[in-house]
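Residue numbers (the working numbering): 148 to 316.
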């Protein structure tokens, strides 16, 4: 049986880093994964990605279970998926919950009104993730990837279906 190897990439670490930040911002909603001491817990959250600040922000309720999990286990993984275009990103790093009212007001968007009355709602808290590492899987899309997989199946070679890169952030 042939050994499975990771997909190689021609991206430089700088290019991979740029693409990770770009895709995270573009895809928006990610699965926010915490550890509760027994299981990984994942839930979809809208990410406010700020490469300039090397941070990813989330507005959450003060009484959420994830806040308690973060106080005991601050490391998280964020996973973005654009499956219609075969583009995926993960970012991991420590997270902290704060009551930074200025930052909450700065990040407030109209869609947040579905959860809270306004940015001054006392129940809103801010989660800040400071990324340590990121990984991407970036395909040229369904048609091209399918054609490359079919060709590889015919020739017995491994398909090149896009870039896979892991970098420190």
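Beta carbons are placed, not taken as given, at the ideal position from N, Cα and C, and that holds for glycine.
| query | result |
| --- | --- |
| Contact under 8 angstroms by Cβ, residue 314 with residue 164 | yes |
| Sufficient close CB pairs (3 or more, under 8 angstroms) joining the stretch 261 to 269 to the stretch 227 to 237 | no |
| Cα-Cα separation between residue 209 and residue 215, rounded to whole angstroms | 10 angstroms |
| Delimiting residues of the alpha helix (DSSP H) encompassing residue 214 | 212 to 219 |
| Rounded separation between residue 320 and residue 217 - CA only | Residue 320 lies beyond the residue range present for the chain, which begins at 148 and ends at 316; the question has no answer from this structure. |
| Contacts around residue 282, its chain only, beta-carbon distance under 6 angstroms, and the 5 residues preceding and following it disregarded | 237, 313 |
| Beta-carbon gap between residue 251 and residue 192 smaller than 8 angstroms | no |
| CB of residue 204 within 8 angstroms of CB of residue 271, strictly | no |
| Simplified DSSP state of residue 169, which is helix, strand or coil | helix |
| Counterpart residues of residue 204 in DSSP-defined beta bridges | 195, 275 |
| Local conformation of residue 112 per DSSP, three classes | There is no way to answer for residue 112, as the model of the chain reaches only from 148 to 316. |
| Residue 200 versus residue 186 - alpha carbon distance | 30 angstroms |
| Spatial distance of residue 202 from residue 245 (CA atoms) | 14 angstroms |
| Collapsed DSSP secondary structure at residue 252 in the structure displayed | helix |
| Short Cβ contact (8 angstroms threshold) for residue 279 with residue 316 | yes |
| Strand pairing of residue 313, partner residues [DSSP] | 282 |
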